[in-house]
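Below you'll find the structure, written out as structure tokens, and then a few comments.
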Amino acid sequence: MRPDRYSYSAITQRPDFDWPGGKRLALYVAIGVEEYTPDTGETEDIVPGAGTPDLVNTAWRDYGNRVGGFRLLDRLAELGCPPTILLNTDVYDSAPALLDAARQAGAEFVGHGLRNSDHLQTMTPEAERAYVAQVRDRIAAKEGRAPGGWSTPWLAHTPHTIDHLAAEGYDYLLDLRLDDQPVRLSTSTRPLLSIPYAAEINDSSSCIGRQVSANDFAQMIIDEFDELLRASTQQSVVMSIVLHSFISGRPFRLRALDRAFQHIACHRDAVWMTTPREISNAFDRLSGMEQSL
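Here it is in structure tokens:
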């Protein structure tokens, strides 16, 4: 797939640029707000093999949309970073109060499927395209504008996913970390922007998948931030932090996450705290200026 979607480019050989306000490091924080179909679909569990009915894992996940998500929104408000919500649109029905709070916090809503028990790789090409369009239409109806971005459930693509997203009006993808700057992916219709998305500064893959401790995860965030802040003296870059309401919204993880956020806050003047939509808009303007030279 790679040679068909993007070409090689060394970060040291690109034109230099600044983000808005003369900033060199752009930071967005994404919160996965998800819904599942327990007992019948794919799920993220804390107690594997619990059997059915799986009340233990269902309750563990439900904590996020009842409690954890609200606390994460509060922490982002303290940090001064607008939330990016990776949204399963079924949450409009199951936990509308959390989405009301996110909306009031100025969140960007990114398409993330109907529910996280869905898997694009089980769908025909026609069904997959209809699926991404259905997510787009639900968010547009609820938020008054279509989502600019998409994040794939389970990060599981088909050969057609990127083509379908571009054809259905999405402008950028939050799935890949091939670079520290946005990269344009080729599709069958028009380019789709890949905005750096952390596969490891991600509480799902790290804290649940690899059992990284809350304190170690916070230190990962700090180390990633410090190194990218240093790198930004040479090239403007993007950092992402990927959280989930039912993982980092837990009290013991939230306390550790606070330490990472407090560290970032000490460098607030050097960071553009933003959303993927604003990163995409800024990058489009920069690309337009470059093409006009």
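The sequence shown begins at 933 in the working numbering and counts up by one.
Backbone N, C-alpha and C define an ideal beta-carbon position, used for all residues, glycine too.
Just so we're clear, the structure is a prediction, and the values are computed from it rather than from any experiment.
The stretch 1192-1212 and the stretch 958-970 touch, with no fewer than 3 CB-CB distances between them shorter than 8 Å. Using a C-beta cut-off of 8 Å, the stretch 981-994 makes no contact with the stretch 1008-1020, since fewer than three inter-stretch Cβ pairs fall below that distance. Taking 9 Å as the cut-off, the Cβ atoms of ARG956 and GLN1167 count as close.
Rounded to the nearest angstrom, the gap between the Cα atoms of GLY1181 and ARG993 is 10 Å. Secondary structure remark: continuous alpha helix (DSSP H) runs of at least 4 residues inside the stretch 975-1035, in chain order: 987-995, 1001-1011 and 1023-1026. Pairing GLY1076 with GLU1040 gives a Cβ-Cβ distance that is not under 9 Å. Leaving aside the five residues that flank PRO1085 on each side, the residues in its chain whose CB is nearer than 6 Å to its CB run, in chain order, GLY1045, ASN1048 and ASP1050. For PHE1041, the enclosing beta strand (DSSP E) starts and ends at 1040-1043. Taking the C-beta atoms as reference points, PRO985 is found nearer than 9 Å to ASP971. As computed with DSSP, ASN1147 is found in no beta bridge at all.
LEU1189 has its alpha-carbon roughly 10 Å from the corresponding atom of ASP1148. For the pair VAL1170 and ASP1111, the Cα-to-Cα distance works out to about 9 Å. Across the set VAL1203, ALA1098, ILE1179 and CYS1139, the C-alpha of ALA1098 shows the shortest separation from the C-alpha of LEU1125. Contact check for ILE1127 against PRO1208 passes: the beta carbons are separated by less than 9 Å. Taken atom to atom, the span from the alpha-carbon of ALA1078 to that of ALA982 is near 38 Å.
Two segments are said to touch when three or more pairs of C-beta atoms, one from each, lie closer than 8 Å; by this definition the stretch 1132-1143 touches the stretch 1152-1163. In the DSSP assignment, GLY964 forms a beta bridge with LEU1018 and HIS1176. Between the alpha carbons of GLU1060 and VAL1067 lies a gap of roughly 11 Å. When the alpha-carbon of LYS1074 is set against those of GLU1100, ARG1200, GLY1001 and VAL1042, the nearest one is in VAL1042.
By the beta-carbon neighbour count (other beta carbons within 10 angstroms, threshold 16), SER1145 is exposed.
Exclusion of the five residues before and after ILE1094 leaves ARG937, LEU1105, LEU1117, THR1119 and LEU1124 as the residues of its chain whose Cβ lies within less than 8 Å of its Cβ. Excluding the 5 residues flanking it on each side, ALA1009 has same chain C-beta neighbours closer than 8 Å at ALA1037, in chain order.
Here ALA1027 is near VAL965, since their CB atoms are less than 9 Å apart. Using a 10 angstroms sphere on the CB of GLU1058, the tally of other CB atoms stays under 16, which defines it as exposed. Using a Cβ distance threshold of 9 Å, ASP1103 and SER1083 do not count as a contacting pair. With a minimum length of 4 residues, the unbroken runs of alpha helix (DSSP H) contained wholly in the stretch 1164-1208 fall at 1183-1197.
Rounded to the nearest angstrom, the gap between the Cα atoms of THR944 and ILE1140 is 35 Å.
Relative to the Cα of VAL979, the nearest Cα in the group SER1212, ILE1153, GLY1000 and GLN1143 belongs to GLN1143. Approximately 17 Å separates the beta-carbon atoms of TYR1024 and PHE1178; this is outside 8 Å, ruling out the contact. Ranked by how close their Cα comes to the Cα of CYS1198, the residues LEU1161, LEU1186, THR1090 and ARG998 have LEU1161 in first place. Within the same chain, TYR1063 and THR1090 come within 8 Å of MET1055 by CB-CB distance, once the 5 residues on both sides are set aside.
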